[in-house]
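Some notes on the structure that comes next.
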Amino acid sequence: MIKMIETNETRVMTAYADCWMSDERDGMKLRKLSYVSSDFISLYEWESLMRAACPLGYNDFSATKVADAIREIAGDAVDSLKFRAAREGSVACYVSGDLSLLDKLCKLSRALYADEAHIDSSSEELRLWWD
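Quick note on numbering: this note's numbering labels position 102 of the sequence shown as 82, and the sequence is numbered without any gaps.
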């Protein structure tokens, strides 16, 4: 018996299976509409992963457009940010880092094309969600 090693990438790709699989019916059987990764990754890793998970985008969500906007807003501090991929019905993401930078990203969430943005006071993470 072969045991598959589950990685952050495979869990995220499974959560978004209906977005990238050629047979949407198979993807809908596998997808997870309620998923939050426990792994923190860089913006570059998050962008690459989400481009694979949602190759055609998802409504107004485009991993490249969002990542480019974050780079522009965060500037040199972008490498201090860490990201957790998520799916909460639609695309979601949790961002950790300096609270003042998270607050800036939250206030400029429309520039990130996000439909919802708020900072959770207990985890000190910015939650972004795209419908």
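The C-beta atom is built at its ideal place from N, Cα and C for all residues, glycine as well.
Please report the distance separating the alpha-carbon of Tyr93 from that of Met8.
Here residue 93 refers to the residue found at position 113 of the sequence shown. Here residue 8 refers to the residue found at position 28 of the sequence shown. Roughly 25 Å between the two C-alpha positions.
Could you give the distance in angstroms between the alpha-carbon of Tyr24 and the alpha-carbon of Asp59?
For the purposes of this step, residue 24 is taken as the residue at position 44 of the sequence shown. For the purposes of this step, residue 59 is taken as the residue at position 79 of the sequence shown. For Tyr24 and Asp59, the distance between alpha carbons rounds to 9 Å.
Considering only DSSP beta bridges, list what Lys62 is partnered with.
As a first step, residue 62 must be located in the sequence shown, where it is residue number 82. Beta-bridge pairing links Lys62 to Ser76.
What does the alpha-carbon distance come out to for the pair Asn39 and Arg51?
As a working mapping, residue 39 is identified with position 59 in the sequence shown. As a working mapping, residue 51 is identified with position 71 in the sequence shown. When rounded, the distance between both Cα atoms is 22 Å.
Taking DSSP's pairing of strands, which residues face Ile21 in a bridge?
Here residue 21 refers to the residue found at position 41 when the sequence shown is read from its first residue. Ile21 is bridged to Phe63.
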